[in-house]
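The next block holds one structure in the form of structure tokens; read it before the comments.
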Amino acid sequence: MGTKIDKILGVARQHCEDVIKPNVDQWNKDAKWPRTASTIAGAEGLLGLYAPEEWGGQGLPLGEGIRVYEELGKGDGAYAFTLSMHNICAFAACGFGTEAFKNAWAKDLTSGHKLANFALTEPQSGSDATNMYTRAQINDDGTWTINGAKAWVSLAGEADVYFTVVKTTDAPGHKDMAMIAIPADAKGVSFGEAYDTASYEFLPLAEMYFDNVVVSEDNIILPVGEGLQGALMAIDIARVSIASGCCGLMEAALDTALAYAQSRKMFDGKNLDLDGIQWMLGDVSTNLEASRLLYRAAANALGTPEGPVMAAHAKRFVPDAALAAANTCTQVLGGSGLLKQYGMDRLSRLAQMLRIVDGTTEISRVVIGRSLQKRAKGLPVMAVPKGYGEK
Ligand SMILES: Cc1cc2nc3c(=O)[nH]c(=O)nc-3n(C[C@H](O)[C@H](O)[C@H](O)COP(=O)(O)OP(=O)(O)OC[C@H]3O[C@@H](n4cnc5c(N)ncnc54)[C@H](O)[C@@H]3O)c2cc1C
């Protein structure tokens, strides 16, 4: 008998074969979120991975559950990313939500009857996340009134609830930030026109507006002062999840290139008989193995002091490796690599998207750089040549 995680990975693998791969091109043509697919994922237990069993979840540790996106990413990186964000919301709801909120939402989220996502980014604040304006006023009766705008909201208009990071005063900085769950049908919530994106057209992305939206204090997920900290914890999980999905993407690219290269006849043999082709694909394979080790180590580090920097290492390295893999594998197919039927262009564009979302490659470098500065402080003062230590 396999372990619980083995069973869930098998379910995810099958979901990829049966639900994602045969349909993803049509989803993109329809430019509509495949709600039936995510409902199936919910029924299969893929939407409450880390939520406790008492709330309908699988109760998996992060280090195990995150591997699901590697399986889903073989079919589509944007779909894997979206389900990963929902899973983090379901986890946050069960871990930090009020009893009233859990009673109202938790089982619907873990079963996939309802979908959730985060809203942090604003038009003027992406990487610079603290430069945020969306404002919640705390009323005398305990309700919160929210005004402002978010940008790049995934599942815009499709999710049923948005875990939204807000400021509660005009003071600069993050000490007044909180996270509150705003139902999509709350009065005063609206969405902008859908962004026109390439290669993940089925993922609705748009701005989200709050016009005097009144929400019960039952919906507070993270109280004042903990909003940014909590969002960053969620983002660390998201970063490792993205790295996991990228490994699936790399495997899909590699398998397409291998299957093609062993079928393409040239120079009295096969394309795959050429040393140069084997070396190109060998490098992809090495990077895939390294990426797997890295994201799994990062997943196991989540929740420890090393978690943020390990997540940054994974988010810095793996999407870059995935983009390089997609491009190399396209090259292996020659002109055929540019034909839509092989899907290589889609993989390159998905990998590029995954380099940006939930903290860009450069922001990962910033996190790593800061941790190196901290480490340097613990090292002994080193003698440097005369004059080198002076300003
Ligand atoms: C497909 C997709 C889905 C998304 N879904 C969501 C969602 O559901 N919810 C949500 O809240 N957000 C979402 N986002 C937003 C995403 O997290 C932001 O796009 C991302 O954080 C980058 O912000 P930005 O686009 O404003 O880029 P900017 O912050 O404007 O960055 C522009 C460039 O400057 C670089 N840069 C920034 N700071 C530094 C620095 N200190 N040093 C060096 N270079 C730097 C960046 O790396 C980038 O190359 C999504 C984005 C995408 C593409």
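Position one of the sequence shown corresponds to residue 1269 (the working numbering), numbered consecutively onward. Where a beta carbon is used, it is the ideal one built from N, C-alpha and C, also for glycine.
With a CB to CB cut of under 7 Å and the five nearest residues on each side skipped, what residues in its chain are close to residue i?
| i | result |
| --- | --- |
| glycine 1544 | none |
| phenylalanine 1585 | Ser1559 and Leu1562 |
| alanine 1525 | Leu1549, Cys1597, Val1600 and Leu1601 |
| phenylalanine 1369 | Ala1361, Ala1449, Asp1486 and Asn1487 |
| lysine 1375 | Trp1323 and Gly1324 |
| serine 1213 | A question about residue 1213 goes unanswered here, because the residues of the chain that appear run from 1269 up to 1659. |
| threonine 1307 | Gly1380 |
| leucine 1591 | Ser1616, Ala1619, Gln1620 and Arg1623 |
| arginine 1633 | Arg1584 |
| alanine 1502 | Ile1356, Ala1360 and Phe1386 |
| asparagine 1407 | Thr1413 |
| glycine 1313 | Ile1276, Val1279 and Gln1326 |
| isoleucine 1636 | Val1577, Ala1580, His1581 and Arg1584 |
By the three-class DSSP mapping on this structure, what secondary structure does residue i have?
| i | result |
| --- | --- |
| lysine 1418 | strand |
| isoleucine 1631 | helix |
| tryptophan 1301 | coil |
| threonine 1436 | coil |
| tyrosine 1477 | strand |
| alanine 1346 | helix |
| threonine 1413 | strand |
| phenylalanine 1359 | helix |
| phenylalanine 1364 | helix |
| alanine 1452 | coil |
| serine 1395 | coil |
| alanine 1446 | strand |
| serine 1306 | helix |
| glutamate 1322 | helix |
| glycine 1537 | strand |
Kindly list the residues whose CB is nearer than 6 Å to the CB of residue i, restricted to its own chain and excluding five residues on each side of it in sequence; keep chain order.
| i | result |
| --- | --- |
| tyrosine 1468 | Ala1346 |
| alanine 1594 | Ala1521, Leu1615, Ser1616 and Ala1619 |
| tyrosine 1337 | Ala1348, Ser1352, Ser1509, Ser1512 and Gly1513 |
| alanine 1566 | Val1508, Met1578, Ala1579 and Ala1582 |
| glycine 1498 | Met1447 and Leu1490 |
| valine 1662 | Residue 1662 lies beyond the stretch modelled for the chain, which goes from 1269 to 1659, so this question has no answer here. |
| tyrosine 1528 | Leu1601 |
| isoleucine 1334 | Val1508, Ser1509, Ser1512 and Ala1567 |
Considering just the uninterrupted stretch of the beta strand (DSSP E) at residue i, what are its terminal residues?
| i | result |
| --- | --- |
| isoleucine 1488 | 1488-1490 |
| isoleucine 1406 | 1403-1406 |
| asparagine 1371 | Premise fails: asparagine 1371 is in no beta strand (DSSP E) and is neither H nor E. |
| alanine 1387 | 1384-1387 |
| valine 1652 | Here valine 1652 belongs to no beta strand (DSSP E), and DSSP marks it neither H nor E. |
| valine 1625 | Valine 1625 -> no beta strand (DSSP E), and no H or E assigned at all. |
| valine 1457 | 1457-1459 |
Between which two residues does the alpha helix (DSSP H) harbouring residue i extend?
| i | result |
| --- | --- |
| valine 1336 | 1336-1341 |
| glutamate 1332 | 1330-1333 |
| histidine 1283 | 1272-1283 |
Is residue i a contact residue of ligand 2, with contact defined as CB to any heavy atom under 7 Å?
| i | result |
| --- | --- |
| methionine 1447 | Judged by which ligands are present, ligand 2 is missing from the structure shown, whose ligands are ligand 1. |
Please return the same chain residues whose Cβ sits closer than 8 Å to the Cβ of residue i, not counting the five positions on each side in sequence.
| i | result |
| --- | --- |
| alanine 1474 | Val1421, Ala1424, Gly1425, Phe1459, Gly1460, Glu1461, Ala1462 and Tyr1463 |
| alanine 1309 | His1283, Val1287, Leu1315, Leu1351 and Gly1380 |
| leucine 1556 | Cys1515, Met1518, Glu1519, Leu1522, Ala1589 and Ala1593 |
(request) Examine the Cβ distances between the segment 1563-1573 and the segment 1616-1629 and report whether three or more of them are shorter than 8 Å. (result) Cβ pair count under 8 Å is below three, so no.
(request) Entirely within the segment 1540-1617 and at least 3 residues each: give me those beta strand (DSSP E) ranges in chain order. (result) none
(message) Restricting to runs no shorter than 4 residues, where is the alpha helix (DSSP H) found entirely within the segment 1482-1532?
(response) 1495-1531
(request) Kindly confirm or deny that the segment 1480-1499 and the segment 1517-1526 touch, where touching means at least three C-beta pairs closer than 8 Å. (result) Short answer: they don't touch.
(request) Give a yes or no on contact between the segment 1397-1404 and the segment 1454-1466, applying the rule of three or more CB pairs nearer than 8 Å. (result) no
(message) Count Cβ pairs between the segment 1311-1327 and the segment 1352-1359 that sit closer than 8 Å; are there 3 or more?
(response) The segment 1311-1327 vs the segment 1352-1359: in contact.
(request) Report yes or no: do the segment 1476-1483 and the segment 1527-1543 share at least 3 C-beta pairs separated by less than 8 Å? (result) Counting Cβ pairs under 8 Å, fewer than three are found: no touch.
(message) Measuring CB atoms only, is the segment 1329-1347 touching the segment 1379-1394, in the sense that at least three cross pairs come out at less than 8 Å?
(response) no
(message) Measuring CB atoms only, is the segment 1286-1298 touching the segment 1461-1476, in the sense that at least three cross pairs come out at less than 8 Å?
(response) The segment 1286-1298 and the segment 1461-1476 touch, with no fewer than 3 CB-CB distances between them shorter than 8 Å.
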